[in-house]
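Protein chains in written order, with my numbering: chain A, 72 to 477; chain B, 72 to 477. For glycine and all other residues, C-beta sits at the position ideal for the given N, C-alpha and C.
Number of protein chains: 2
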Amino acid sequence: MSTFEMMQTLHQPAKTKIVHLVMDGLGGLPRDPGGKTELETAHTPNLDALAARSQLGLASPVGPGITPGSGPAHLALFGYDPYRFDIGRGLLEALGIGFEQLPQDVAARGNFCTVDENNCITDRRAGRIPTEVNERLVATLRDISLPGVQVFVETVKEYRFVLVLRPTAGQTLHVNIADTDPQKTGVPPLMAVAQDAASEPTAELINHWLTEARDRLRPHPPANSLNLRGLAKDPGLPHMADVTGLRAAAIAVYPMYKGVARLIGMDVLPVVGETVEDEVEVLRSRWSDYDYFYFHVKKTDSAGEDGDFHRKASIIEHVDEAVVPAILALDPDVLIVTGDHSTPAVLKTHSWHPVPTLFWSRYGRPDGIAEFGERACGRGSLGTFPATDEMALAMGHALRLAKYGA
Amino acid sequence: MSTFEMMQTLHQPAKTKIVHLVMDGLGGLPRDPGGKTELETAHTPNLDALAARSQLGLASPVGPGITPGSGPAHLALFGYDPYRFDIGRGLLEALGIGFEQLPQDVAARGNFCTVDENNCITDRRAGRIPTEVNERLVATLRDISLPGVQVFVETVKEYRFVLVLRPTAGQTLHVNIADTDPQKTGVPPLMAVAQDAASEPTAELINHWLTEARDRLRPHPPANSLNLRGLAKDPGLPHMADVTGLRAAAIAVYPMYKGVARLIGMDVLPVVGETVEDEVEVLRSRWSDYDYFYFHVKKTDSAGEDGDFHRKASIIEHVDEAVVPAILALDPDVLIVTGDHSTPAVLKTHSWHPVPTLFWSRYGRPDGIAEFGERACGRGSLGTFPATDEMALAMGHALRLAKYGA
């Protein structure tokens, strides 16, 4: 029995409100030895004042030293063990472009690649063709038809696309199917190979499509072939309402985050516009309708990925000014400020570093550390803790968990 | 392999002594934002001086955000995973009144309730009748006899009682039986329903008793019916001597704590009187007979449950003065000062907050924090740690665990 199961057994109704403010890729690193991180550099008077009244800690998204993708990192924040609950790469890619996948659909991430005259791969990413070229190629693949399924092909960006098969005859498609990408050059792209008998009909459909698609691409180097990876269906995750009893809403503007929230049954609230002010407006207007709000800020991560230390710091400053006081004005019972993972500008990518986390609650025991930053959080009483704990902690502090045992 | 199994494999004899001083419900909360907790308010020069020579931390009884009952919380302190080892509510209730349950007995927690003329429940707690009324009603139920079992009915308090069936014919009673309490008003009390075939004979006995008992109560509103919950037998927990090799003794004055200690095979030492001084006297007089002493102080929890912040603080002060120096004078090798869970006076009930813990050992690495309080412990080197770790840590520091591997 884990905390996750315990929540399902013990959750009880209450009138309390929980806000989970997630600055994507929040955690950072100093540019120079002895220097400050992006968060430490940012001038954040509101977060610092809140920190003084909160508990601090460093949230570990999946495990020590492990760099999470956005899917696992978010599942952890929502209390779902990302090693136990797996969102296939194909499905994540489809969620990322806002494709409304149905539970019976099979999705694959596609990569255009370059092959030579012997059909051996010379570039697994087709020279990172421009997205416009991708769109033209995808258009030429859309009318490949397969028996018993509807076929969707959608551009992601550069060399990446999504393939989705939707059964039209009520049949179940099984997808225990290996990637066709041999993960190296000098060898031909593979065909789809079913890993069990039940998946053979799906593999046959995929291979029919692969043959036709690769034929059509042949005259279009550098994108003259393709591969499929991470074939996946909706894993049927337990819904947050069942796990926690919370009426949960997601406020996010990027498709992938909305998609992950939808997978666990959150209501995804429409946001008019893309700014954090637009998101705050939604929070304010729907405040009375939900118990739990996942509030996602994307641009911290984008700045980190771009290696733009100062832009990341200034986005944090903007959240401090435009979001934090607005949330506090709504008088929540629990407010967690954190990230899904670290994206240090010096690394220009997601990293394994645990994520600075501020946990404020009406019934908290403040650490009395008046600063929100990586090192301040390292001194906090939450210590370095599993991100999966956040939801149960929030539930406890929101008086939403009954006593365990007599 | 868990630490619990490891202890069983690695324990080795030694002459060292461990004292586990448990102030029930020790953890607290400030009354006002920025204020001090009960423990932080208490003047505790002895504990503060000991803290300076100890490691500090916050013990998590069962899991993040989870509020434990006394049974699971104590199992955790003794090293038993409370999610894995379950003490049924009926058994705990019997332990709580000092009923000497035998391993073959079946115990249930009983609640008197009020039903209307259609036998529908109008009050699940029978208006919280006075304990004296409970005693009179229990007396009228005592002579209901059942074939093949001896029947005990015992008052707990107000609307609560205990029913115990003891087989007299050597038969085994199985108790996978649902509660008869429908957990709501407006519907009739239920009969006992076996959840498996083996439990059907027991359910039949219980239903025989229920029918007769409810008939007899009919003329006695508001307690004119009853329900049974948490039907349970002794779960046959591994004994502490087998897990740790320790000769373990419990010094406690309240029945439930003595009962839980007895379930894991501790010797429960008789205490003449009810004060902590009486308990210290027992510790002193039996010091040479045991390796491990569980020393329980109940009144911190009672004060917390009463919402009496100052009484809780003054009980802690009294323990600091009357217990801590007396234990140190006996020259233990390991002394842990902690609680089983938090009972903040502001919440008037058990809570999910981790418990301030001081770990002193001859071979410790002191944190050098000269204060015993929630925030001081939040800065300690033990961090927030599972309470189940305390026993293995104590065993290690007491030189009672052999090396693992070569």
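| Query | Result |
| --- | --- |
| Quick one: which residues of the stretch 289-315 of chain A get their C-beta closer than 8 Å to a C-beta of chain B? List them in chain order. | none |
| What does A/S432 reach in chain B if we use C-beta pairs closer than 7 Å? | Going along chain B, no residue has its Cβ under 7 Å from A/S432, so there is no contact; the nearest lies around 10 Å. |
| Sort B/M72, B/K88, B/E76 by Cα distance to B/A469 and report the nearest one. | B/K88 |
| Assuming the contact rule is C-beta atoms closer than 8 Å, A/C448 and A/G128 should be a hit. Round their C-beta distance to whole Å, please. | 6 Å |
| Return yes when the Cβ of A/C184 is within less than 8 Å of the Cβ of A/S296, no when it is not. | yes |
| Only counting runs of 3 or more residues, tell me where the beta strand (DSSP E) segments fall wholly within the stretch 192-241 of chain B, in order along the chain. | 192-194, 220-228, 231-238 |
| The alpha helix (DSSP H) that contains B/N117, what's its start and end? | 116-123 |
| Could you tell me which chain A residues have their CB closer than 9 Å to the CB of B/I387, listed as they occur along the chain? | Those do not exist, as B/I387 stays about 16 Å from chain A at its closest Cβ, beyond 9 Å. |
| Considering only the beta carbon of each residue, do A/D411 and A/D95 sit closer than 8 Å? | yes |
| Using the Cβ count rule (16 or more neighbours within 10 Å means buried), how would you classify A/T42? | Any answer about residue 42 of chain A is impossible in this case: the structure gives chain A only from 72 up to 477. |
| Would you list the one or two residues that DSSP bridges to B/P129? | Correcting the residue type first, residue 129 of chain B is Leu in the shown sequence and not Pro. For B/L129, which the question treats as bridged, DSSP gives the partners B/P427, B/T455. |
| Listing by chain order, which chain A residues have their CB less than 7 Å from the CB of B/Y325? | Neighbours of B/Y325 on chain A: none; closest Cβ ~14 Å, over 7 Å. |
| I want to see whether chain A comes within less than 8 Å of B/L110, judged by CB atoms only; does it? | no |
| What residues in its chain sit with their C-beta under 7 Å from that of A/M466, if we drop five residues either side in the sequence? | M78, H82, T315, L472 |
| Kindly indicate which residue of B/A249, B/A197, B/G198, B/P238 has the alpha-carbon position closest to the one of B/L217. | B/P238 |
| Taking only three categories from DSSP, how would you classify A/F75? | helix |
| Quick one: any contact between the stretch 317-325 of chain A and the stretch 336-345 of chain A, if contact means 3 or more CB pairs under 8 Å? | yes |
| Looking at the secondary structure, which residues open and close the beta strand (DSSP E) in which B/H91 lies? | 89-94 |
| Please confirm whether B/E229 has its beta-carbon closer than 8 Å to some beta-carbon of chain A. | no |
| Among A/E229, A/D305, A/G301, A/N117, which one has its Cα closest to the Cα of A/G161? | A/G301 |
| List the whole-angstrom C-beta distance separating A/I215 from A/W280, where the pair is believed to meet the contact cut-off of C-beta under 8 Å. | 6 Å |
| Rounded to a whole number of angstroms, what is the C-alpha to C-alpha distance between A/A263 and A/A303? | 13 Å |
| Which residues of the stretch 123-139 of chain B have a Cβ closer than 8 Å to any Cβ of chain A? Give them in chain order. | L129, V133, G134, P135, G136, I137, T138, P139 |
| Please check if any C-beta of chain B sits within less than 8 Å of the C-beta of A/H82. | no |
| With a threshold of 8 Å between beta carbons, is A/T74 in contact with chain B? | yes |
| At the 8 Å Cβ level, is A/A463 part of the contact set with chain B, yes or no? | yes |
| Please specify which runs of the alpha helix (DSSP H), each continuous and at least 4 residues long, are wholly inside the stretch 304-387 of chain A, giving them in chain order. | 311-315, 326-334, 347-356, 370-376 |
| Taking B/H389 as the reference, give the member of B/V351, B/V417, B/G378 with the closest Cα. | B/V351 |
| Can you grab the Cα-Cα spacing for the pair B/G435 / A/I168, in whole Å? | 55 Å |
| Which of helix, strand or coil does DSSP assign to A/T409? | strand |
| Going by the DSSP bridge assignment, what does B/S432 pair with across the sheet? | B/V405 |
| When DSSP builds the beta bridges, which residues end up paired with B/H145? | Answer is none; B/H145 lacks a bridge partner. |
| Whose CA, out of A/A374, A/D404, A/D119, A/G375, lies closest to the CA of A/F364? | A/D404 |
| So is B/G485 buried or exposed if we call it buried at 16+ other beta carbons inside 10 Å? | Here chain B covers residues 72 to 477 and nothing more, so residue 485 of chain B does not appear. |
| Could you please tell me which residues of the stretch 261-284 of chain B, in chain order, have their CB closer than 9 Å to any CB of chain A? | none |
| With distances taken from CA atoms, which of B/I335, B/R355, B/A294, B/A240 is nearest B/L208? | B/A294 |
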